[in-house]
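Here the structure comes first, spelled out in structure tokens, and everything after it is commentary.
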Amino acid sequence: MATFGAPAPAAGANTMAAPTDHNVQSAGTDGISSLTWSPTSNILVSSNWDGGVRCWEAQEQGGQCRALPKAQVNHEGQAPALCSAFTADGNTVITGGADKAVRMWQLGQQPANGVPQQIGAHDAAVRSVGFLPTSNMIVSGGWDKKLKFWDGRSPTAAMTLELPERCYALDIRQNLMVVATAGRHIISYDVSGTPREHSRKESPLKFQSRCIAAFPDMTGFAVGSIEGRVGIHYLQKVPGKESFAFKCHRQQQDVYSVNDICFHPYGTFATVGGDGVVNFWDKDNKQRLKGFPAINRTIPCAAFNAQGNMFAYASSYDWSKGSQFGAPNSQNEIFLHYVAEDEIKPKGKKTGSRR
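So our numbering is basically just the index in the sequence shown, starting at one, shifted up by 204.
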């Protein structure tokens, strides 16, 4: 078993992380910006730079995953769709995009002209969206340096909070919301009632934040940077636990961004990166549980389903190097990986490790 910071598996010509992974049909014609699962079923949704928001129904049987395309909507004018989230009941998808709009799509309903209902707007692109289960509010973070909260019925925000810089990512776990912005700011909020700021700090990493994920137990967060590092940070004291950072997504002298962090129901987590690698980690025992062989394209986003037996990851250009590096005919793919328990379950401290 590899420890934190050990060399990742060497790059290769693989198109998928494992040979039995399922290639999802109709993944779109441009880069995939987000993947999200319904909290109540195996419905998978993606957002894409081609403006599309796509939906599949997935299933796993005997260690084999499958997904069937079910529906698609598009942001107005095919403006890039940059983020997606589900409401708690799993019936509604929330998206945001470069059209500065926050949109809502009731699954099972086809909106007029195939464009989902706009429920809010920012003054710049909407980079991240989420749902607050305790208040049934929708939250959106924009490049206009604002967090806005919506009830889904009125086009006027129920509440607006100023951010120190542009929103790059946000995540919600019950009463905790964490937001990463430009300038390496990280703000945590108590969203058990009316959202209020809990803490504001500088990222423990020295380079730009790329992604953030709250711990399932709400005691802290994991943040990933463009410089191939992850910071594990506790917001409250936990006996025997300390904040730390580790290197990952590096191939010899080359350093790649950590594009997404997603937690499994066990409390272990996955990272995916610009090197085309998927890693499964155990933060509590500071171990890498599994490192998959690198695939031949960037992995921009990933997500575990609610049950934890399926892991979706995308393979497409992430636009991190600008349009001049984007090949017009490059493939955009989504894969489903069956998550075996021995790949993701904590294994405990290794013999001889210090406590």
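Heads up, the beta-carbon is just placed ideally off N, CA and C, and yes, glycines get one too.
Going by C-alpha distance, which of the options is nearest residue i?
i	options	result
Phe335	His389, Val395 and Ala316	Val395
Gly462	Pro469, Gln456, Gly478 and Phe450	A small correction: the amino acid at residue 462 is Val; Gly does not occupy that position in the sequence shown. Val462 has its Cα closest to that of Gly478, out of Pro469, Gln456, Gly478 and Phe450.
Ile298	Gly345, Ala271 and Cys269	Gly345
Val434	Thr475, Gly397 and Glu446	Thr475
His226	Trp260, Cys269, Cys259 and Gly256	Cys269
Ala222	Phe529, Gly312, Asp458 and Val481	Val481
Glu280	Gln314, Pro497 and Arg307	Arg307
Lys304	Leu311, Gln282 and Pro315	Gln282
Gly318	Leu439, Arg258 and Phe529	Arg258
Report the three-state DSSP secondary structure of residue i (helix, strand or coil).
i	result
Arg501	coil
Asp348	coil
Asn483	strand
Gln608	Residue 608 falls outside the range modelled here, since the chain spans only 205 to 559, and no answer is possible.
Gln282	helix
Ser325	Correcting the residue type first, residue 325 is Ala in the shown sequence and not Ser. Residue state, collapsed to three classes: strand.
Arg388	helix
Thr292	At residue 292 the sequence reads Ala, which differs from the Thr that was named. Coil.
Asn227	strand
Gly556	Legend: pLDDT at Gly556 = 45, less than 50; position of this residue unreliable, value from coordinates given subsequently. Residue state, collapsed to three classes: coil.
Ala507	strand
Gly477	strand
Gly312	coil
Leaving aside the five residues before and after residue i along the sequence, list all residues of the same chain whose C-beta is less than 8 angstroms from its C-beta, in chain order.
i	result
Pro420	Arg377, Phe467, Pro469 and Gly471
Ser407	Ala384, Arg388, His389, Ile390, Ser413, Val427, Ser429 and Gly435
Val543	His468, Phe508, Gly512, Asn513, Met514 and Phe515
Leu367	Gly345, Lys349, Lys350, Leu351, Val383, Thr385, His389 and Ile391
Ignore the nearest five residues each way along the sequence and tell me which others in residue i's own chain have a CB closer than 6 angstroms to its CB.
i	result
Thr555	Because Thr555 carries a pLDDT of 45, less than 50, the predicted location of this residue cannot be relied on, and the following value inherits that uncertainty. Taken in chain order, the list of residues that qualify is empty.
Arg559	For Arg559, the predicted structure reports a pLDDT of 34, less than 50, and the residue's modelled location is therefore unreliable. The matter cannot be settled from this model.
Leu365	Leu351
Asn218	Pro497 and Ile499
How would you write the range of the beta strand (DSSP E) that residue i sits in, first residue to last?
i	result
Asp546	From DSSP, Asp546 is part of no beta strand (DSSP E) but of the alpha helix (DSSP H) over Glu545 to Ile548.
Val442	No beta strand (DSSP E) holds Val442; DSSP gives it neither H nor E.
Pro273	Gln268 to Asn278
Met220	It is not in any beta strand (DSSP E) - Met220 carries neither H nor E in the DSSP assignment.
Glu537	Glu537 to Tyr542
Tyr521	Looking at the DSSP string, Tyr521 is not in any beta strand (DSSP E), and its letter there is neither H nor E.
Quiz item: If you scan the stretch 396–463 from start to end, which runs of the beta strand (DSSP E) of 3 or more residues do you find wholly inside it?
Solution: At a cut-off of 3 residues, the continuous stretches assigned as beta strand (DSSP E) that sit fully inside the stretch 396–463 are 400–406, 413–418, 424–429, 433–438 and 448–451.
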